[in-house]
Amino acid sequence: MVTVDIAGLPVAERLKLMEALWDSLCKSDSGVESPAWHGAVLDERMRLIDGGADAVTSWQEAKERIRNQTKAG
1 MVTVDIAGLP VAERLKLMEA LWDSLCKSDS GVESPAWHGA VLDERMRLID GGADAVTSWQ
61 EAKERIRNQT KAG
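In this text, residue positions in the sequence shown follow full-length UniProt numbering: the first is 1, and each later residue adds one.
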């Protein structure tokens, strides 16, 4: 195993390393399961949507809302 002083790398190199690590994790089927609370949060959100108390928005709408919030703050 190769060890690297990550903090000593330039930001661009750390970003490349992070992307490579993320890509390798996405491609492997390690069997790591989401924690139980993730399911509970999803169940609650679905309950709110089904009950009309919340609504689904598109990714485009969500990005626009986030951009507007960060501009205002």
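The beta-carbon is built from N, C-alpha and C at its ideal position, and this holds for glycine as well.
Note that the structure is a prediction, hence the values are computed from the model and not measured.
Using 8 Å for Cβ pairs, my map puts residue i next to residue j. What's the rounded Cβ distance?
i: V56; j: I49; result: 6 Å
Helix, strand or coil, according to DSSP, for residue i in the structure here?
i: S24; result: helix
i: G39; result: helix
i: V11; result: helix
i: M1; result: coil
i: E44; result: helix
i: D50; result: helix
i: A55; result: coil
Taking only the alpha-carbon atoms, compute the straight-line gap between residue i and residue j and give it to the nearest angstrom.
i: D23; j: G31; result: 16 Å
i: D5; j: A12; result: 14 Å
i: E64; j: M1; result: 43 Å
i: D29; j: T3; result: 24 Å
i: A36; j: G8; result: 37 Å
Counting only the same chain and skipping the five closest in sequence on each side, list residues whose C-beta sits under 6 Å from that of residue i.
i: L17; result: none
i: D54; result: L48
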